[in-house]
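Counting in my numbering, the sequence shown runs from 12 upward without gaps.
All residues carry an ideal CB built from backbone N, CA and C; glycine is no exception.
Each remark here refers to the structure printed beneath this line.
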Amino acid sequence: MKEKFDTLITAKKNPFKLNIRETVKYKDLIWLFVQRDFKTKYKQTILGPLWFIIQPLLTTFIFTIVFGQIARLSTDGVPQFLFYLAGNVPWLFFSACLTHTSSTFYSNARLFGKVYFPRIVSPISTVITCFFNFLIQFVMFLLIDIVFILIGASAKITLYALLFPLLILQLGLLGMSVGIIISSLTVKYRDLQVLVGFGVQLLMYLSPVVYSVSSIPNSTLRNIILLNPVTPSIEFLRIGFLGSGSTPWIYLAISFCVTLVLAFFSVVVFNKTERNFIDKI
């Protein structure tokens, strides 16, 4: 008598298959991973989730002193602290998505070896956790932005702020895609993991976190910076919530296209790597 199974687990033969339906079935597991990540990170800390607010405030304060007061970089007439905070908050979200997903295979190796579930669940839950952290920081930024506007600072919220959900979705997807690609490559080339921190720091200076694109005098260098898929999103967020800066729409379109291509490529690489990564780690 043949046994009937509700679910049949087989090796993936097609690396281009996204398995969206299967991933959705594990939405409860995704939520459990989000809760786990959130609790374990701040379980034995004194301030707990307050670190989500303290971190961007401290780094923004340092940026204000170093780049605002000492280097005297242009902030397009916007108060320096507000300008740097507007760039720092989305950047922290992107860099967290990239950094945390870049260690997906190594940090979950034991779990992957014991039980089956769609491996893509892990980076997805990581990005969702980063998103909740970002929401706390964004609410803090929005309150500070409103206070500056009420006291008469040269800042305003414009209609571009309506692009906020799409811009954050793009940054999160971009960070996860690059992180997945790095995680897949580090299974074979482990020294890449060492370079992640340095690479993220270098990428920050290629993104308009501590300067505005309009302040770059060299047109060639300005175009190179604009081709960075992180740049248009940060610039449009500043336009939306500070009313400063200007970036051609074509670069935002290019940014979204690059993100979608990297997302598809990351899934293909991830599917190929998860077949036998246990044997390599």
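How about residue i and residue j: are their beta carbons less than 7 Å apart?
| i | j | result |
| --- | --- | --- |
| F92 | L84 | no |
| P219 | L185 | no |
| S188 | A107 | no |
| I41 | V158 | no |
| I192 | S277 | yes |
| V221 | F74 | yes |
| Q148 | F63 | yes |
| F44 | S136 | yes |
| Y37 | F128 | yes |
Quick one, which of the options has its alpha-carbon nearest residue i's?
| i | options | result |
| --- | --- | --- |
| L178 | P101, V45, V126 and G254 | P101 |
| D48 | T86, T112, S188 and I162 | T112 |
| I265 | K50, A164, T242 and K52 | T242 |
| N144 | L174, G183, R121 and F116 | G183 |
| T284 | I162, Q212, L173 and F116 | F116 |
Along the alpha helix (DSSP H) that carries residue i, what are the first and last residues, could you check?
| i | result |
| --- | --- |
| T34 | I31 to K36 |
| I147 | V132 to L161 |
| F267 | W260 to T284 |
| Q181 | F175 to T197 |
| R233 | S230 to L238 |
| V220 | Where V220 is concerned, there is no enclosing alpha helix (DSSP H), given that its DSSP letter is neither H nor E. |
| I65 | W62 to F74 |
| S113 | No alpha helix (DSSP H) contains S113, which DSSP labels as neither H nor E. |
| S244 | T242 to L253 |
Reducing DSSP to helix, strand and coil, say where residue i ends up.
| i | result |
| --- | --- |
| A166 | coil |
| V207 | helix |
| M12 | For M12, the pLDDT reaches just 49, beneath the cut-off of 50, and the residue's location in the model is therefore unreliable, although a value from the coordinates is still provided. M12: coil per DSSP, three-state reduction. |
| A82 | coil |
| Y95 | helix |
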